[in-house]
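In my numbering, the protein residues as written are 83 to 316.
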């Protein structure tokens with residue numbers, strides 16, 4: 083039977099982490115690990131009090147560093163699949179089985195839980211929707227692939243990709259960058275519809291200013307990577 087690990091990156095999620103992990107444990111039989119990313123609030127205290135499984139980073143590395151820590155853990159302990167689940171309660175654990183079935187039966191390397199591959203109740207802010215549409219366009223331009231929800235963090239990867247991510251993973255806001263990287267290396271990517279809720283507590287770290295920075299950074303990164311690849315091929 084395939085071994086599945088759910089990785090939950092958490093930074094200052096004292097309002098939601100207990101609810102998120104408890105809901106996960108009730109909904110699925112999969113193993114999990116919370117990566118406490120140098121939280122300065124009560125997140126670590128809550129993890130200890132509840133006896134949850136967690137890794138404790140001494141400083142805040144950002145979402146990329148926290149996820150790479152989780153992938154290193156998954157590789158070290160021999161997991162076949164790894165799933166990213168946000169700590170803020172947006173991701174519905176009821177959809178985990180759908181992601182696992184899809185990656186096993188479809189022989190995909192990365193399966194993304196999408197809010198937009200078919201109509202759902204999710205709306206999000208206008209700025210977020212603009213950003214998602216923009217990155218969908220960039221991905222199609224650079225890889226030829228249609229990805230409706232490239233910023234979704236609800237995703238599962240197989241062992242090949244676990245090994246890839248354990249070696250290298252972007253430091254901040256990595257969701258789009260890793261899709262570009264995997265697509266250009268020939269990895270197989272699929273989207274499946276999932277339900278997502280609004281953040282269940284706390285505040286998002288992605289401000290309007292950070293959103294603009296994210297768009298510029300990822301665009302420049304992807305363009306530069308494409309340029310170097312084209313020059314190397316000539």
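Glycine is no exception: its CB is placed at the ideal position from the N, C-alpha and C atoms.
Residue i versus residue j: straight-line alpha-carbon distance, rounded
i           : j           : result
residue 135 : residue 158 : 16 Å
residue 121 : residue 141 : 8 Å
residue 125 : residue 276 : 27 Å
residue 89  : residue 150 : 10 Å
residue 247 : residue 131 : 31 Å
residue 190 : residue 137 : 28 Å
residue 152 : residue 197 : 24 Å
residue 259 : residue 111 : 31 Å
residue 227 : residue 266 : 10 Å
residue 53  : residue 195 : A query on residue 53 cannot be resolved here, the shown segment of the chain reaching from 83 to 316 and no further.
residue 178 : residue 113 : 12 Å
residue 188 : residue 211 : 29 Å
residue 278 : residue 185 : 20 Å
residue 127 : residue 224 : 44 Å
residue 85  : residue 183 : 13 Å
residue 219 : residue 162 : 32 Å
Bridge partner(s) assigned by DSSP for residue i
i           : result
residue 111 : None, per the DSSP bridge assignment.
residue 161 : DSSP, once it has assigned bridges, lists no residue as partnering residue 161.
residue 278 : 173
residue 196 : 275
residue 136 : 116
residue 298 : In DSSP, residue 298 forms no bridge with anything.
residue 89  : 115, 166
Assigned secondary structure, residue i (DSSP; H/G/I helix, E/B strand, else coil)
i           : result
residue 84  : coil
residue 169 : coil
residue 141 : coil
residue 94  : coil
residue 152 : helix
residue 118 : strand
residue 229 : coil
residue 147 : helix
residue 126 : helix
Beta-carbon proximity list for residue i, same chain, < 6 Å, skipping 5 on both sides
i           : result
residue 109 : 175, 176
residue 256 : 146
residue 310 : Here residue 310 scores only 47 on pLDDT, less than 50, and its place in the model is too uncertain to base an answer on.
residue 214 : 233
residue 167 : 88, 90, 173
residue 148 : 91, 117, 119
residue 102 : 169, 171
residue 139 : 119, 120
Same chain, Cβ closer than 8 Å to residue i, neighbours up to 5 away in sequence not counted
i           : result
residue 94  : 121, 122, 123, 125, 284
residue 199 : 230, 231, 273, 274, 275
residue 105 : 171, 175
residue 264 : 191, 192, 243, 246, 271
7 Å CB neighbourhood of residue i in its chain, flanking five on each side removed
i           : result
residue 92  : 99, 116, 117, 118, 119, 121, 125, 169
residue 269 : 191, 192, 243
residue 253 : 144, 146, 147
residue 181 : 165, 193, 195, 238, 274
My parser needs the alpha helix (DSSP H) runs of 4 or more residues fully inside the segment 232 to 272; what are they? List check, alpha helix (DSSP H) in window: 241 to 249, 257 to 266.
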